[in-house]
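Following: one structure in structure tokens, then a few remarks.
Number of protein chains: 2
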Amino acid sequence: MNEASEVVSQLQQELRRGVVVLAVLSQMDTASYGYSLIQRLAERGLEIEEGTLYPLMRRLEKQGLLASEWDTTETRPRKYYRLSPLGREVLAQLSAEWSGTVAVMNRLLGSENHE
Amino acid sequence: MNEASEVVSQLQQELRRGVVVLAVLSQMDTASYGYSLIQRLAERGLEIEEGTLYPLMRRLEKQGLLASEWDTTETRPRKYYRLSPLGREVLAQLSAEWSGTVAVMNRLLGSENHE
DNA sequence: TAAATATACTGTACGACGCACAGTATTGTC
DNA sequence: GACAATACTGTGCGTCGTACAGTATATTTA
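Chains as they are written, first to last, in the working numbering: chain A, 94 to 208; chain B, 94 to 208.
Written as structure tokens, this is what we have:
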């Protein structure tokens with residue numbers, strides 16, 4: 094196996110930490126259930142496994158950023174999540190943080206390319 | 094303490110995982126020693142503690158991405174690091190990965206703002 | 001009509017890394 | 001001489017995405 098690929102994929106995983114949370118929160122302005130969120134994120138370029146998303150949603154709810162309720166009127170019961178007021182606030186701050194991080198990285202990576 | 098701030102600072106830390114590695118690698122085209130690298134990164138907007146950077150440099154060397162040599166000709170001995178060929182390759186791939194991640198997040202966050 | 005696939009979710013252990021310290025040593029400044 | 005700056009080593013911890021294992025049932029396919 095290509096040595097660089099191994100290290101890169103490991104670091105890719107580290108890059109996703111935090112990013113996945115931000116991505117999920119950013120889609121919760123409208124209520125969503127897990128399975129459809131996975132599909133919507135995939136459409137927009139972010140692949141995430143069920144085994145990753147469901148625990149994450151539960152954790153975010155536990156942290157007070159999301160609120161959930163069951164919809165059992167359909168043939169299949171679905172757990173809908175939406176942003177809580179705290180979640181909305183955290184999302185705003187994280188988005189700003191993300192923008193700042195991107196700006197810094199552009200500066201660092203840009204200087205690397207120009208040197 | 095502001096509840097949102099707590100969660101945000103925790104997630105900020107998660108965002109830094111991977112990012113710090115990329116930032117450091119991006120500055121190693123020219124040989125650097127730890128203390129000066131901390132200062133250069135700070136000038137460019139990335140704050141990093143010595144207790145974070147020195148173990149990181151050692152880990153990156155262990156992973157074969159950096160190579161080091163001591164300069165003991167000055168009054169103070171300094172450990173200079175530079176990118177290895179593998180490190181150069183990993184940096185290129187991680188940079189591409191980062192660009193892709195930023196593009197995806199722009200799409201996700203942009204759609205959130207427009208909705 | 002039975003098998004396969006899709007839909008929808010719960011549960012849990014693990015590995016990796018930034019952090020937060022503690023610590024050492026010496027040079028340079030006041 | 002005291003303090004700050006410079007320059008580094010060492011180590012344990014908390015967090016989260018991942019990688020599974022698992023359950024259940026509706027829908028589609030052969």
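Glycine included, C-beta positions come from ideal geometry on N, C-alpha and C.
Nothing here was measured: the structure is a model prediction, and the numbers come from that model.
Please list, in chain order, the chain A residues whose beta carbon lies closer than 9 Å to that of residue i.
i: residue 111 of chain B; result: 104, 105, 106, 107, 108, 109, 110, 111, 112
i: residue 190 of chain B; result: 101, 104, 105, 108
Report the rounded CA-to-CA distance for residue i versus residue j, giving the unit in angstroms.
i: residue 183 of chain A; j: residue 158 of chain A; result: 8 Å
i: residue 111 of chain A; j: residue 117 of chain A; result: 10 Å
i: residue 187 of chain B; j: residue 196 of chain B; result: 14 Å
i: residue 190 of chain B; j: residue 125 of chain A; result: 28 Å
i: residue 162 of chain A; j: residue 173 of chain A; result: 5 Å
i: residue 208 of chain B; j: residue 153 of chain A; result: Bear in mind that a pLDDT of 41 at residue 208 of chain B, under 50, signals an unreliable position, so the model cannot answer this.
i: residue 142 of chain B; j: residue 199 of chain B; result: 29 Å
i: residue 114 of chain B; j: residue 130 of chain A; result: 30 Å
i: residue 137 of chain A; j: residue 100 of chain B; result: 26 Å
i: residue 149 of chain B; j: residue 201 of chain A; result: 18 Å
i: residue 76 of chain A; j: residue 192 of chain B; result: With chain A covering 94 to 208 only, the question about residue 76 of chain A has no answer from this structure.
i: residue 107 of chain A; j: residue 194 of chain B; result: 12 Å
i: residue 166 of chain B; j: residue 135 of chain B; result: 27 Å
i: residue 151 of chain A; j: residue 104 of chain B; result: 16 Å
i: residue 109 of chain A; j: residue 145 of chain A; result: 12 Å
Put residue i into one of helix, strand or coil per three-state DSSP.
i: residue 175 of chain B; result: strand
i: residue 158 of chain B; result: coil
What does residue i touch in chain A if you count any residue whose Cβ is under 7 Å from its own?
i: residue 138 of chain B; result: 197, 200
i: residue 97 of chain B; result: 179, 182, 183, 186
i: residue 116 of chain B; result: 198, 201
For residue i, tell me which candidate among the options has the shortest Cα-Cα distance.
i: residue 98 of chain B; options: A:201, A:200, A:156; result: A:156
i: residue 179 of chain A; options: A:193, A:160, A:130; result: A:160
i: residue 102 of chain B; options: A:164, A:185, A:151; result: A:185
i: residue 96 of chain B; options: A:181, A:194, A:96; result: A:181
List the residues of chain B that residue i touches, going by C-beta distances under 7 Å, in chain order.
i: residue 156 of chain A; result: 100
i: residue 194 of chain A; result: 108, 112
Spatial neighbours of residue i within its chain, please: C-beta separation below 6 Å, excluding the five flanking residues on both sides.
i: residue 147 of chain B; result: 127
i: residue 139 of chain A; result: 116
i: residue 164 of chain B; result: 171, 173
So with CB distances below 8 Å, who are the chain B contacts of residue i?
i: residue 160 of chain A; result: What residue 160 of chain A touches in chain B: nothing, since even the nearest Cβ is about 15 Å away.
Here's a check: name, in chain order, each residue in its chain whose Cβ is nearer than 8 Å to the Cβ of residue i, leaving out the five neighbours to either side.
i: residue 133 of chain A; result: 120, 125
i: residue 123 of chain B; result: 175
i: residue 168 of chain A; result: none
By Cβ distance below 7 Å, which residues in the same chain neighbour residue i in space, the five residues on each side in sequence not counted?
i: residue 177 of chain B; result: 157, 158, 159, 160
Just checking residue i against the ligand MN - is the residue's beta carbon closer than 7 Å to any of the ligand's heavy atoms?
i: residue 173 of chain B; result: Looking for the ligand MN in the displayed structure turns up nothing, as the structure carries no ligands at all.
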